[in-house]
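Below is one structure, written out as structure tokens; the observations come after it.
Residue numbers (this note's numbering): 83 to 211.
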């Protein structure tokens, strides 16, 4: 059985909103680019008691068109793909940080060995008496 991939908590509300309101990946990406809050989608969505509201996908598309002047994003990524990219970026950052720390540790150790070799010892000192 394959290990389930971890999805960061900041992406989970978007996945829940996609499932709950039956939105496509494109609509979720447009909403993210607009800076919308997925927890507020219930306020934006129409119900039988509020027929004047546009359906949520149409509402998001209309706002996106108004702000960006185009019907859809150039490249549509799923939340899972965005999450995988995010985790890969984090892993790269962590590896670089570890590599830098190891390089500085090796440099510090080399300096301490060099200082020990060239430091005068107390046994060979000349007495002024």
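Glycine included, C-beta positions come from ideal geometry on N, C-alpha and C.
All values reported here derive from a predicted model rather than from experimental measurement.
- Taking all protein chains in view, the Cβ of residue 91 is surrounded by fewer than 16 other Cβ atoms within 10 Å, so the residue is classified as exposed.
- Put simply, the backbone Cα of residue 190 is about 21 Å away from that of residue 176.
- Between residue 144 and the set 109, 160 and 169, the nearest pair of CA atoms involves 109.
- The alpha-carbon separation between residue 94 and residue 149 amounts to approximately 26 Å.
- For residue 112, the CB contacts under 6 Å within the same chain, skipping 5 residues up- and downstream, are 142 and 146 in chain order.
- According to the DSSP assignment, residue 93 belongs to no alpha helix (DSSP H), since it is labelled neither H nor E.
- Excluding the 5 residues flanking it on each side, residue 120 has same chain C-beta neighbours closer than 6 Å at 95, 96 and 99, in chain order.
- In terms of Cβ geometry, residue 138 and residue 128 form a close pair [threshold 9 Å].
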